[in-house]
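Position in the sequence shown counted from 1, then plus 14, gives you my numbering.
Beta carbons are placed, not taken as given, at the ideal position from N, Cα and C, and that holds for glycine.
Okay, so here's the structure we're looking at.
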Amino acid sequence: MRSAIATLLTTGLMMVTVGPVVAQDKPSKLETRTVTGTVQSTTANALVVRGMEKDKEREWAFSVDDKTMVRKGGQGHSAAALKEGDNVTVNYSERDGKIVAQSVTVTGGAGPSSGPPARAPSPSK
């Protein structure tokens, strides 16, 4: 009888200590991915970006929330600063079944045809 109780207690103790270890197989950090493209449309809580993925053009729709960091011109902004045609890099992850933008960085001028910034004329001597 004592060995049966000891076996039950040992088995129960193993289940309590092994269970949490098995449950930690999933990564605790959300996987972040990156996409680069052009803003197609934007609202207060959403952003649509068109870019290339594996040699095919694709659109991504991101949720934007108050935790989304937006960088434009080297400064922090709200998502309202994003405009159609902005070239952006978006870091995102999936949360609660939604694709949520973690950060959006405007990488250049607006529109796909924008070239390098104009130079000021050199002073004449």
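Which of the three DSSP states, helix, strand or coil, is assigned to residue i?
i	result
A93	helix
N59	coil
G51	strand
E45	coil
E98	coil
V78	coil
D39	Because the pLDDT of D39 is 44, which lies under 50, any placement of that residue in the model is unreliable, and the question is left without a value.
M83	strand
K70	strand
G65	strand
G111	coil
G122	strand
Less than 8 Å separating the beta-carbons of residue i and residue j?
i	j	result
V62	V102	no
S92	N105	no
S55	K112	no
V120	K86	yes
S107	T46	yes
Figure out for me which residue from the options has the closest Cα to the Cα of residue i.
i	options	result
R109	M66, K81 and G65	K81
G88	E67, G65 and G122	G122
R64	A75, A58 and T57	A75
E67	G99, T48 and D100	T48
A58	D100, G99 and A95	A95
D79	G99, R72 and A60	A60
Give a yes or no on whether the minimum CB-CB distance between residue i and chain D is below 8 Å.
i	result
A60	Of the chains in the structure shown, none is chain D; there is only one protein chain.
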